[in-house]
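Enquirer: The numbering of the sequence shown is our numbering, which starts it at 276 and goes up by one.
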Amino acid sequence: MRAIPYYCDHCFVCQHPEKEEAERHLLKGASYGKVLRYMPSLEAEGITSRILRNHMQNHLAPGRAYLRAAIEEYARKRGADVEDDERSLAGDYVLMANLTIQRVVERLAIGEIEPEISDGATMAKLLLDLERQDQDTLDRAAIGHAMATITAIVKEHVSPEEFQRIGHQVATDPRLKALNAAVARGPVIDVESA
276 MRAIPYYCDH CFVCQHPEKE EAERHLLKGA SYGKVLRYMP SLEAEGITSR ILRNHMQNHL
336 APGRAYLRAA IEEYARKRGA DVEDDERSLA GDYVLMANLT IQRVVERLAI GEIEPEISDG
396 ATMAKLLLDL ERQDQDTLDR AAIGHAMATI TAIVKEHVSP EEFQRIGHQV ATDPRLKALN
456 AAVARGPVID VESA
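Laid out in structure tokens, this is it:
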């Protein structure tokens, strides 16, 4: 739980048991409306887009509030609807993270802000997650390319009937079906899958 002033007894969001999850989605770039649709318990408690926006502006640690403000500014420049867009407002997360870090460095250089350790750790974790996601995407692409190459080679060296039997066996193998399902799901990102 955050210490005051980052917590308000009169804020429906601060009081909600799923506050952290809602904040996480908003800090990853979800619009207010998308969070409400993804988390119907918020709306059931009377939480609206306006209440979510007020919470994000007034009841977060400064670094987190700045990140959300930067996401919204970036989204508006791209023509996104901050209130109710289905797409991620952050768009290119790497660009967003780099812009945020650049702005923080500028403000640090002129003595305008003093970051907390948690602010630096949050940005470092975001960049690490993005690097891992990029690597995962590359690994999946490499696996797909390798399988296509193997399939082409096998097709060249076996009869059409044998190739069809191999194809059936591959298609019904439970391990390969599970692997195919995992690859089809791709990397899980809460905001995008919501």
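We put the beta carbon where it would ideally sit given N, CA and C, even for glycine. From a predicted model like this one, the values you see are computed outputs, not experimental measurements.
(1) Determine the burial state of residue 310: buried for a count of at least 16 other Cβ atoms within 10 Å of its Cβ, exposed for fewer.
(2) Quick check on residue 347: buried or exposed, where buried means 16 or more other Cβ atoms within 10 Å of its Cβ?
(3) At what residues does the alpha helix (DSSP H) containing residue 288 begin and finish?
(4) What number of angstroms, rounded off, separates the C-alpha of residue 332 from the C-alpha of residue 290?
(5) For residue 385, which of helix, strand or coil comes out of DSSP?
(6) Would you grab the beta carbon distance between residue 317 and residue 293 for me? Rounded to a whole angstrom, and I think it's under 8 Å.
(7) Can residue 402 and residue 343 be called in contact, C-beta distance under 8 Å?
(8) Throw me the rounded Cβ distance for the residue 338 and residue 287 pair, which I believe falls under 8 Å.
(9) Measure how close the beta-carbons of residue 359 and residue 308 come, nearest whole angstrom, since I'm counting them as under 8 Å.
(10) In angstroms with no decimal places, state the Cα-to-Cα distance between residue 442 and residue 426.
(11) Would you mind working out which of 385, 330 and 312 sits nearest residue 471, comparing C-alpha positions?
Expert: Inspection of the coordinates gives the following:
(1) Classification for residue 310: buried.
(2) The residue in question, residue 347, is buried, as its Cβ has 16 or more Cβ neighbours within 10 Å.
(3) Judged by DSSP secondary structure, residue 288 falls within the alpha helix (DSSP H) whose first and last residues are 287-290.
(4) A direct Cα-Cα distance of roughly 16 Å separates residue 332 from residue 290.
(5) The answer is coil: DSSP assigns residue 385 none of H, G, I, E or B.
(6) For a cut-off of 8 Å, the C-beta gap from residue 317 to residue 293 is around 7 Å, short enough to register as a contact.
(7) It is not a contact, given that the beta carbons lie outside the stated cut-off.
(8) The Cβ separation is near 23 Å, so there is no contact.
(9) Separation of the CB atoms of residue 359 and residue 308 is rounded to 3 Å, and the pair is thereby assigned contact status at 8 Å.
(10) For residue 442 and residue 426, the distance between alpha carbons rounds to 9 Å.
(11) Limits of the chain in this structure are 276 at one end and 469 at the other, which puts residue 471 out of reach.
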